[in-house]
Structures are given as structure tokens and as C-alpha cells.
Amino acid sequence: MEKIKVGIIGPGNIGTDLMYKVMRSKYLQMHLLAGIVESEGITRARNMNVKTSIQGVDAVAADPQIKIVFDATSAKAHLHNAPILKAAGKIVMDMTPAAVGPYVVPCVNLAHLADVENFNMVTCGGQATVPIAYAINQAADSVYTEIVASLSSKSAGPGTRANIDEFTETTRKALEIVGGADKAKAVIVLNPADPPLMMTNTIYSIVKHPDREKIIHNVNEMVKKVQKYVPGYRLRVPPVVDGEKVTVIVQVEGAGDFLPKYSGNLDIINAAAVEVAETIAQNMLKKDGHDHE
């Protein structure tokens, strides 16, 4: 069965979990994991018979077999990597908040994005909250949306901590651009509780047309769409409509591929990126006459 070969840059937690997800994909083939030093992630991949390199982006760009690349480095590194990968003709899933390309939240706007070379996966908080913000806006026209993404301190690695400013800014912009809110704000809370708590996201909107039934219907339908690629996504508090204020709380449990189940924050952005990559891969395979359906 034909598959599309992919490369992953960044052998940390996100890159390793992505590798596990790619390895069980019907449409993607794990071809190369690249880092810049010999690391635990590189060793782990090698032990799983995955090709590795410590030449970073250059190794991925130089391999003509790789069609899709996941960049799981940092916002700063991606700004360096993006033009190199573009020149090499690769389609990129940007796992950082660099936002070189358009924001993509698969269940909301993937179908409307054509001929994109660089897909920005927003942030973990964005993947968890933009779908709900969008559902509320479609039902009730959001004047303002504020989200609080609370995640276990243990699941926030050095990349997440280094990018907190970019996280809040990128999530805010995505709530406006993709979610449709007139104005938005994003807050991230790193919860030090032990045992670690599941990722919890509160979405709070002020709306023009508080149609309770329509809001509840839209939110429930959106949760089902997200669950198709993130099975651990669920409503913790269904929509509470109080006058013009709407509050929804969602919880994300990870799939437990490589990361612990409480790392739903990392799991949801990875699952979303794989969903986008698989959609692109299916289109590539159809063009080449390999239809899996």
C-alpha cells in the first residue's frame, strides 16, 4: 500500500509522539527523524529502526523522498527552517507558534485552505478552544472571547515554556481569525498539581444573539468533529448561557501514544497536525492514482 513519506524535525516530546502517531497512519510513512545533537529521542527512533540524522533541517530538505515535514522545534528555529523547506518543495506542518503560514484548525478551516505550503498548527490551547469559539460565534456572533488553557506543569517542556508569550499571542489571533470573535484574549496556566491534572480549557464569550438552543447544538456538533481525531476531547461543562455570556469547559485526555494521558495539550496539537498531513497525503495519493478508499 502506497504511503507518503514524512520527516520530523525535533526529537523532543512532541516530535517523538508525532513519530508514534505517524507510524500507525494509513497514509503516512515515517521516513526520517532529525535533530541537531545525539539525544534520547534520536536514540529511541534509531532503536525503532527509524532513519535518523543530527543535521537538522538540512537533512530533511536534502531528502527528495520526503514530501511532508513536521517542524517540532521552536518559533525561532522555524523562522530559520521555513524558507529552507519551502525551497526544497516540502509541505510543512509548523508545530511552533511562529505562524509563517495560515493558522489551521482541521475541523474548522482545513477544507477552505488550498495550495498552502506551510500550515501553522496554532498552539495546543488554540486546537482545544478555537473549535468551541467558532461554534459559539456561528450560533450567536461573539463580540469577545477569552480562553484559559490550564495544563499540567509536568507536560510543559522547555519548548512550551520558552514560547509562552508567542503562545498567548498566537492563540488570541487564532480565536479572532479562525474562531471569528471580534476581540479575544488567551491565558495559559501551568498547574503544578501532583498527580498531574488533565488539560482543561475554559471558553468564555460575550455574544450578540444568545440563542441557547442553537449554541448548545453547535457546540455539541463541534465536539463530535474534534473527537474524530482527538478521541479524548470532551465537554466537562456544557454551554452555560447567562444573558449575553456563554461559558464552556472542555477537557482533553491524551491518547497515551508516547506521552502520558494527562499531556492532552501536546496530544491535541499532534493529533490535529497528523489529521492535516493525512488529508494532504490522501490528496497526493489520489493524484498519483493510489486511492485507499
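Just so it is clear: in the sequence shown, position 66 is 66 by UniProt numbering, and no numbers are missing. All residues carry an ideal CB built from backbone N, CA and C; glycine is no exception.
| Check | Outcome |
| --- | --- |
| Environment of V207 [buried if 16+ CB atoms lie within 10 Å] | buried |
| Sheet register partners of M30 (DSSP bridge) | V6 |
| Boundaries (first-last residue) of the alpha helix (DSSP H) holding Q251 | Unbroken run through Q251 is the beta strand (DSSP E), 245-252; no alpha helix (DSSP H). |
| Beta carbon of Y20 nearer than 9 Å to that of A277 | no |
| S268 versus G56 - alpha carbon distance | A small correction: the amino acid at residue 268 is Ile; Ser does not occupy that position in the sequence shown. About 25 Å. |
| Nearest candidate by alpha-carbon position, reference V130, set K76, T145, P158, M198 | T145 |
| Inter-stretch contact at 8 Å, needing at least 3 Cβ pairs: the segment 110-120 / the segment 253-264 | no |
| Reference E221, options R234, K86, P210, H209, closest by Cα | R234 |
| Runs of beta strand (DSSP E) lying entirely within the segment 87-125, each at least 3 residues, in chain order | 91-94, 118-120 |
| Nearest neighbour of residue 295, chosen from V240, T73, K228, A75 [CA to CA] | Residue 295 falls outside the range modelled here, since the chain spans only 1 to 293, and no answer is possible. |
| 8 Å contact criterion, which I66 and V60 should meet: CB distance rounded | 6 Å |
| Validate contact between the segment 86-105 and the segment 24-43 using beta carbons, cut 8 Å, 3 pairs | no |
| Local conformation of R236 per DSSP, three classes | strand |
| Nearest neighbour of I249, chosen from S263, H80, I216 [CA to CA] | I216 |
| M1 burial status per 10 Å Cβ neighbour count (16 or more: buried) | exposed |
| Length of the line joining the Cα atoms of A40 and V22 | For the sequence presented, residue 40 should be read as Glu rather than Ala. Rounded to whole angstroms, E40 to V22 spans 19 Å at the Cα level. |
| Straight-line Cα distance separating F70 from P64 | 15 Å |
| CB of G126 within 9 Å of CB of V178, strictly | yes |
| Residue nearest to V50 in terms of C-alpha spacing, selected from P11, K76, V100, K86 | P11 |
| Host beta strand (DSSP E) of L151 (start-end) | 142-152 |
| Straight-line gap, R172 to A140 (C-alpha atoms, nearest Å) | 19 Å |
| Buried or exposed by the 16-neighbour rule on C-beta atoms within 10 Å, applied to A75 | buried |
| Length at least 3, wholly inside the segment 181-233: the beta strand (DSSP E) runs in chain order | 183-191, 199-207 |
| DSSP-derived helix/strand/coil call for A53 | One point to set straight first is that residue 53 is Ser, not Ala, in the sequence displayed. DSSP places S53 in strand when its eight states are reduced to three. |
| Reduced DSSP secondary structure (H/G/I, E/B, other) of F70 | strand |
| Simplified DSSP assignment, three categories, for V130 | helix |
| Pairwise C-alpha distance: V37 and P102 | 30 Å |
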